[in-house]
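Trainee:
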Amino acid sequence: MERRVVTFAVVTRAFVTLLALSTSAIVTPYDSSSHLQAGGSPLAALSNWDGVYYSHIALHGYDFEHFHAFFPLYPLLARWLSKLIPLEASAAVLLSGWFISNASFVLAALFLYRLGCVVLRDEVVARRAAYLFCVAPSSIFMSAIYSESLMCLLSFSGMYLLAKHAQTPESSRSFSSLMLCALLFGAASATRSNGILLSCTFVFSMLETCCH
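Going by the UniProt record's numbering, the sequence shown opens with residue 1, and the numbers climb by one from there.
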């Protein structure tokens, strides 16, 4: 069943990307700043609005104060990955950002399915939840140069580890899974500001486990 979820997620990402690129070729984007920065790269269609800031930070760092609204993990990963791509810097950053977003989305769908199986104990409902996640109307942002997909991956995977830990018999629990969960939630906090709220999930789960 996991293979079905992964396959469905990959297909939807390919469809959304092709739809965005083809639409951009036909209709002139309202926000043209991404095309000016990207030097004519086709992936500029996926770096509008907030994507302009993320790609700029990946290329040049935090030049201006208002850039600090965009947290550093996603652009840092895009910068590091772009160094492995033999293209002009701006095109390499766009390609690496697109890859990170879409790979993160596929893995996020997988961990959402796993989380549903653990929490709901119903494989069918968990699979439907993952499918609905893939076809949400706002999923264009999950394939764009945005940090949403990475945030979902870090959140869902951390929640999955936390749920597995809570349901594991006390004699078999591993402290390493809690440490990994904390690292994932910490990385989520470095991706988007609302990631700090995941600490509440961690604390609540620990209190619930102790009370039982």
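Note that beta-carbon positions come from the ideal geometry of N, C-alpha and C, so glycine has one too.
For the ligand FAD, is there a heavy atom less than 6 Å away from the beta-carbon of residue 73?
Mentor: Of ligands this structure carries none, so the ligand FAD is not represented either.
Trainee: Please tell me whether residue 156 and residue 105 are closer than 7 Å, where the distance is taken between their beta carbons.
Mentor: In the sequence shown, counting from the first residue as 1, residue 156 sits at position 156. In the sequence shown, counting from the first residue as 1, residue 105 sits at position 105. No, they are not a contact pair.
Trainee: Mind reading off the beta-carbon distance from residue 15 to residue 191? Whole number of angstroms is fine, and I expect it under 8 Å.
Mentor: In the sequence shown, counting from the first residue as 1, residue 15 sits at position 15. In the sequence shown, counting from the first residue as 1, residue 191 sits at position 191. Rounded, the Cβ-Cβ distance is 25 Å, inconsistent with contact.
Trainee: Just how far apart, CA to CA, sit residue 11 and residue 61?
Mentor: As a position in the sequence shown, residue 11 is number 11, starting the count at 1. As a position in the sequence shown, residue 61 is number 61, starting the count at 1. Each residue's Cα considered, the two are about 33 Å apart.
Trainee: From the DSSP output, in three-state form, read off residue 87 for me.
Mentor: Position 87 of the sequence shown, counted from the start, is the residue given in the question as residue 87. Residue 87 falls in the coil class under three-state DSSP.
Trainee: Starting from residue 66, trace the alpha helix (DSSP H) in both directions and tell me its first and last residue.
Mentor: Taking the sequence shown and counting its residues from 1, the one referred to as residue 66 is at position 66. Per DSSP, residue 66 belongs to no alpha helix (DSSP H) and is neither H nor E.
Trainee: Would you call residue 75 buried or exposed, if buried means 16 or more other Cβ atoms sit within 10 Å of its Cβ?
Mentor: Numbered from its first residue, the sequence shown carries residue 75 at position 75. Residue 75 should be labelled buried.
Trainee: Assess contact between the stretch 114-128 and the stretch 79-91, defined as three or more Cβ pairs (one per stretch) separated by less than 8 Å. Is contact present?
Mentor: Not touching, per the Cβ criterion.
Trainee: Might you give, ordered along the chain, the residues of its own chain that have their beta carbon closer than 6 Å to the beta carbon of residue 152, omitting 5 neighbours on each side?
Mentor: For this step, residue 152 is matched to residue 152 along the sequence shown. Excluding positions up to five away in sequence, the list reads 108.
Trainee: Helix, strand or coil, according to DSSP, for residue 48 in the structure here?
Mentor: Here the question's residue 48 lines up with position 48 in the sequence shown. Residue 48: coil per DSSP, three-state reduction.
Trainee: Measure the C-alpha to C-alpha separation of residue 186 and residue 88 and round it to an integer number of angstroms.
Mentor: Here residue 186 is taken as the residue at index 186 of the sequence shown, counted from 1. Here residue 88 is taken as the residue at index 88 of the sequence shown, counted from 1. Taking the straight line from one Cα to the other gives about 32 Å.
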